[in-house]
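Read the structure below first, then the notes.
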Amino acid sequence: MHTTVNIDDKPVAVELSSAAADALARRDTPLLAEMELLFSCLIRKQVRFIEGGGAEDSTPITDGLALRFRPVMTAACHVSDLGRDAPPLADFPIVNARAFIPRWLRIDYRGGQWHGEFGYRH
Numbered sequence: 001m002h003t004t005v006n007i008d009d010k011p012v013a014v015e016l017s018s019a020a021a022d023a024l025a026r027r028d029t030p031l032l033a034e035m036e037l038l039f040s041c042l043i044r045k046q047v048r049f050i051e052g053g054g055a056e057d058s059t060p061i062t063d064g065l066a067l068r069f070r071p072v073m074t075a076a077c078h079v080s081d082l083g084r085d086a087p088p089l090a091d092f093p094i095v096n097a098r099a100f101i102p103r104w105l106r107i108d109y110r111g112g113q114w115h116g117e118f119g120y121r122h
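Here my numbering is used: the first residue of the sequence shown is 1, the next is one more, and so on.
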């Protein structure tokens, strides 16, 4: 499935694999795909999948799937934290968040797990 949604008036092309579309159709509860952009020692892009649906600032993609862009930052930058899974995060107050919203998102479902990636060039 291919569709385009708008986040802060910026188009984001969304591609769901057929496996992802099938898995969504079998779900009883909504799913939130959160495109997280982490500003720290390095910049990290990650798609998090959150059970139970959307946040109030999410954008619906299908009946059971919503999308959200979330820029975050760490309180401090320590090289020893780079390999850790979950450093403490805080929302990052970007003045012009629209400039950082990705152009595309791809979602797949393999081996019983959701997988996602996003990018800035087509």
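Beta carbons are placed, not taken as given, at the ideal position from N, Cα and C, and that holds for glycine. Quick caveat: nothing in here was measured; it's all calculated off a predicted structure.
Check	Outcome
Using a 10 Å radius around the Cβ and a threshold of 16 neighbouring Cβ atoms, would you call Pro-102 buried or exposed?	buried
Looking at Ile-107: is its Cβ nearer than 8 Å to the Cβ of Ala-33?	yes
For Asp-9, which three-state DSSP category applies?	coil
Based on DSSP bridge pairs, tell me the residues matched to Arg-121.	None; Arg-121 has no bridge partner.
Leaving aside the five residues before and after Glu-117 along the sequence, list all residues of the same chain whose C-beta is less than 6 Å from its C-beta, in chain order.	Arg-106
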